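J.: Letter 73 of the sequence shown, counting from 1, is numbered 923 in the working numbering, and no numbers are missing. Before I ask anything, let me first share the structure, which is written out below as structure tokens.
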Amino acid sequence: MQSKGLVSLVLGAMVSIPVLMEGQTPNFRIVFGGADGIIYGIKNNGDLLWYRDASRNGTAAWTPNSSNRIGSGWGDFRIVFGGADGIIYGIKNNGNLLWYQDLNRNGTAGWAPNSGNIIGSGWGDFRIVFGGTDGIIYGIKNNGDLLWYRDLYRNGTAGWAPNSGNRIGSGWGDFRIVSGGADGMIYGIKNNGDLLWYRDLNRNGTAGWAANSGKQVGSGWAPFSAMFSDGAGILYGISGAGNLLWYRDVTRNGLAGWAAASGSTIGSGW
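What follows is the structure, given as structure tokens:
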């Protein structure tokens, strides 16, 4: 899976991961998380690659099949994000929302029936879209409104929960990157690099936020080109240099408390 200008770094369980040499451009156009340490990356040529962080503790250890290609033709997506159980949602340039499910989740290609089906349209008006668990999807409009949706079926057929499309917040226009986690948790990086924590308590399309929602739990996150969660308070960030960094929010209540290894580099060439 290497290309000109790449060398290999051997991490953990003897898995070869691409590493950028000085002066090279990042390897991926879009990177997003699944659950349990699974990470997906879409290359500039549209290939979809699979990885899994085996340790999930800030030390570099990748499972076998990490960096395997499990799909192609993903170059036409504007936004792609993961949900639980291997579910992936992608928004095309024309605003269609497509559903996929990675059945194997082990770096071998195996897609659920209905993968690639259109389950919605008109999603082109969102500036940022990200997933939670249980089919929940959040979208930030260009005016800063935060909207809630829930994909009830999660099988590639269109079926949305009551209240889908409801506004549950406003003033989200100052966020550059936003990612959802388990139990309604949301992390957002503001334009000034501050990392804020929220928790959607109701998760039903009505506004109800946990105490401390909107609290700053970190600073200096401006250099990240991507940030995503895999649940359990674990966050991954990709620096401008293409390094993949690991963090874990230990408290998960809007009060800053990070695991000791937070900020560790677990990969490069991203």
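Heads up, the beta-carbon is just placed ideally off N, CA and C, and yes, glycines get one too. It should be emphasised that the depicted structure is a prediction, and the values quoted were computed from it without experimental measurement.
What ranges does the alpha helix (DSSP H) occupy inside the segment 1018-1106, keeping only unbroken runs of at least 4 residues that lie completely in it?
T.: With a minimum length of 4 residues, no continuous alpha helix (DSSP H) run stays inside the segment 1018-1106.
J.: Identify every run of the beta strand (DSSP E) within the segment 890-978, keeping only runs that are complete inside it and at least 3 residues long; order them along the chain.
T.: Runs of the beta strand (DSSP E) inside the segment 890-978: 898-902, 918-921, 927-932, 937-942, 947-951 and 967-970.
J.: CA-CA distance, residue 964 and residue 1104?
T.: By one-based count along the sequence shown, residue 964 stands at place 114. By one-based count along the sequence shown, residue 1104 stands at place 254. So the alpha carbons of these two residues sit roughly 38 Å apart.
J.: Could you tell me whether the segment 914-932 touches the segment 892-901, where touching means 3 or more Cβ pairs closer than 8 Å?
T.: The segment 914-932 vs the segment 892-901: in contact.
J.: By the 10 Å Cβ neighbour count, where 16 or more other Cβ atoms means buried, how is residue 968 classified, buried or exposed?
T.: Translated into positions along the sequence shown, residue 968 becomes position 118. By the neighbour-count rule (16 or more Cβ atoms within 10 Å), residue 968 is not buried but exposed.
J.: Once you ignore the five residues that flank residue 1060 on each side, which residues in its own chain have a CB closer than 6 Å to its CB?
T.: The residue you call residue 1060 lines up with position 210 of the sequence shown. Here the set comprises 1049 and 1051.
J.: Within its chain, find whatever has a CB closer than 8 Å to the CB of residue 945; leave out the 5 residues flanking it on each side and keep chain order.
T.: Here residue 945 corresponds to residue number 95 of the sequence shown, with the count starting at 1. Contacts found: 971, 972, 973, 974 and 975.
J.: To which residues does DSSP link residue 999 through a beta bridge?
T.: Walking along the sequence shown from the start, residue 999 turns up at place 149. Paired residue(s): 987.
J.: The beta strand (DSSP E) with residue 1114 in it runs from where to where?
T.: As a first step, residue 1114 must be located in the sequence shown, where it is residue number 264. Per DSSP, residue 1114 belongs to the beta strand (DSSP E) from 1114-1117.
J.: Should the segment 931-948 be called in touch with the segment 902-914, which here means at least 3 C-beta pairs below 8 Å?
T.: Not touching, per the Cβ criterion.
J.: Does any residue of chain C bring its CB to less than 8 Å from the CB of residue 1035?
T.: Absence of chain C from the displayed structure is noted, only one protein chain being present.
J.: Check residue 1110 in the structure and name its three-state DSSP category.
T.: Translated into the one-based positions of the sequence shown, residue 1110 becomes position 260. Coil, per DSSP.
J.: Kindly indicate which three-state DSSP category residue 883 falls into: helix, strand or coil?
T.: For the purposes of this step, residue 883 is taken as residue 33 along the sequence shown, with counting starting at 1. Reduced to three states, the DSSP call for residue 883 is strand.
J.: What is the C-beta distance between residue 947 and residue 966, in whole angstroms, given that I count them as a contact (C-beta under 8 Å)?
T.: Taking the first residue of the sequence shown as 1, we reach residue 947 at position 97. Taking the first residue of the sequence shown as 1, we reach residue 966 at position 116. The Cβ separation is near 12 Å, so there is no contact.
J.: Using only CA atoms, which one of 981, 922, 907 and 924 lies nearest to residue 831?
T.: The question about residue 831 has no answer here: the residues shown for the chain are numbered 851 through 1120.
J.: If we ignore side chains and look at the alpha-carbon of each, how far apart do residue 1117 and residue 1090 end up?
T.: Working through the sequence shown from its first residue, we reach residue 1117 at position 267. Working through the sequence shown from its first residue, we reach residue 1090 at position 240. Rounded to the nearest angstrom, the two C-alpha atoms are 13 Å apart.
J.: Can you check which of these residues, 1036, 943 and 951, is closest to residue 987 by C-alpha distance?
T.: As a position in the sequence shown, residue 987 is number 137, starting the count at 1. The candidate whose alpha carbon is nearest that of residue 987 is 1036.
J.: Considering only residues of the same chain and omitting the five flanking positions on each side of residue 1093, which have a CB-CB separation below 8 Å?
T.: Against the sequence shown, residue 1093 aligns to sequence position 243. Correct list, in chain order: 1115, 1117, 1118 and 1120.
J.: On the criterion of 16 or more Cβ atoms from any shown chain inside 10 Å, does residue 885 qualify as buried, or is it exposed?
T.: For the purposes of this step, residue 885 is taken as residue 35 along the sequence shown, with counting starting at 1. By the 10 Å Cβ count, residue 885 comes out buried.
J.: Beta-carbon within less than 6 Å of residue 995's beta-carbon, same chain only, minus the 5 sequence neighbours each way: which residues are those?
T.: Within the sequence shown, numbered from 1, the residue matching residue 995 stands at position 145. Once the five neighbours on either side are set aside, the close Cβ partners of residue 995 are 1017 and 1020.
J.: Taking Cβ positions, are residue 907 and residue 928 nearer each other than 8 Å?
T.: Mapped onto the sequence shown, residue 907 falls at position 57. Mapped onto the sequence shown, residue 928 falls at position 78. Against a cut-off of 8 Å, the Cβ pair of residue 928 and residue 907 comes out as no contact.
J.: Just to confirm my understanding: we take residue 960, look at its own chain, exclude 5 residues before and 5 after, and list those with CB closer than 6 Å. What are they?
T.: Position 110 of the sequence shown holds residue 960. Correct list, in chain order: 953 and 954.
J.: Just the C-alpha distance for residue 1124 and residue 1064, rounded to the nearest angstrom, thanks.
T.: Because the chain spans 851 through 1120 in this model, residue 1124 falls outside it and cannot be assessed.
J.: Does the beta-carbon of residue 1081 have 16 or more other beta-carbons within 10 angstroms, so that it is buried, or is it exposed?
T.: Indexing the sequence shown from 1 puts residue 1081 at position 231. It counts as buried.
J.: If you count every other CB in all the chains shown that lies within 10 Å of the CB of residue 923, and 16 or more means buried, which is it?
T.: For the purposes of this step, residue 923 is taken as residue 73 along the sequence shown, with counting starting at 1. It counts as exposed.
J.: Given a threshold of 16 other Cβ atoms within 10 Å of its Cβ, counted over all protein chains shown, does residue 1079 qualify as buried or as exposed?
T.: If you number the sequence shown from 1, residue 1079 lands on position 229. Residue 1079 comes out buried.
J.: Considering only residues of the same chain and omitting the five flanking positions on each side of residue 1111, which have a CB-CB separation below 8 Å?
T.: Looking up residue 1111 in the sequence shown gives position 261. If we look at residue 1111 and ignore the five residues flanking it on each side, its Cβ neighbours are 907, 908, 909, 1096 and 1098.
J.: Do you know whose CA, among 1072, 951, 1086 and 1062, lies nearest residue 1029's CA?
T.: Along the sequence shown, one-based indexing puts residue 1029 at 179. Considering only alpha carbons, the answer is 1086.
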